[in-house]
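Under UniProt numbering, the first residue of the sequence shown is numbered 1, with each subsequent residue one higher. What follows is a single structure, written as structure tokens, with notes after it.
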Amino acid sequence: MTRKKLESEVRQLYEHLAATRERPIEREASRWIGEAEAITDDLVGPEIADLDSSVIQNRIGHVAELLSNIEGTGDSTANEHVEAARDLATTILEPNTE
1 MTRKKLESEV
11 RQLYEHLAAT
21 RERPIEREAS
31 RWIGEAEAIT
41 DDLVGPEIAD
51 LDSSVIQNRI
61 GHVAELLSNI
71 EGTGDSTANE
81 HVEAARDLAT
91 TILEPNTE
């Protein structure tokens, strides 16, 4: 995966998590999503350019682990965003084949 594509997918992941902020979701799911969003928020700023890809991968791995704790949010729209975020995290974590 190119660096530009990696940064784009990290931004999309963050946007899906941020989109759940105003949704009426269950407290436990909110906690997991909030932690995952905080990690991705640190990755979407200009500082990402200074981070090694392995650091980004490590942080996204932690995000994927947090999201795996969510069985449901109690809101179908939020569920869709969480599922999209999980898919993106999986894609980002796939071994680089380029």
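Beta carbons: idealized from backbone N, C-alpha and C, even for Gly. Note that the structure is a prediction, hence the values are computed from the model and not measured.
_Tell me the residue span of the alpha helix (DSSP H) that contains residue 60._
To locate residue 60, count along the sequence shown from 1; it is residue 60. 53-67 is the span of the alpha helix (DSSP H), which, as asked, contains residue 60.
*Could you have a look at residue 72 and say whether DSSP puts it in helix, strand or coil?*
As a first step, residue 72 must be located in the sequence shown, where it is residue number 72. Three-state result, residue 72: coil.
*Limits of the alpha helix (DSSP H) - the one that residue 29 falls within*: The residue given as residue 29 occupies position 29 in the sequence shown. 27-43 is the span of the alpha helix (DSSP H), which, as asked, contains residue 29.
_I need the DSSP call for residue 86, collapsed to helix, strand or coil._
Reading the sequence shown from its first residue, position 86 is the one you call residue 86. Here residue 86 sits in helix by DSSP.
*Whole angstroms is fine: what's the gap from residue 4's alpha carbon to residue 39's?*
Here residue 4 is taken as the residue at index 4 of the sequence shown, counted from 1. Here residue 39 is taken as the residue at index 39 of the sequence shown, counted from 1. Rounded to whole angstroms, residue 4 to residue 39 spans 19 Å at the Cα level.
*Can you tell me the Cα-Cα spacing of residue 70 and residue 49, whole angstroms?*
Counting from 1 along the sequence shown, the entry for residue 70 is found at position 70. Counting from 1 along the sequence shown, the entry for residue 49 is found at position 49. If I take the Cα positions, the gap works out to 30 Å.
*By how many angstroms is the C-alpha of residue 28 removed from the C-alpha of residue 78?*
The residue labelled residue 78 in the question sits at position 78 within the sequence shown. The residue labelled residue 28 in the question sits at position 28 within the sequence shown. The alpha-carbon atoms of residue 78 and residue 28 are separated by roughly 13 Å.
*Using CA coordinates, which residue listed in 53, 54, 86 and 24 is at the minimum distance from residue 66?*
The sequence position of residue 66 within the sequence shown is 66, counting from 1. Considering only alpha carbons, the answer is 86.
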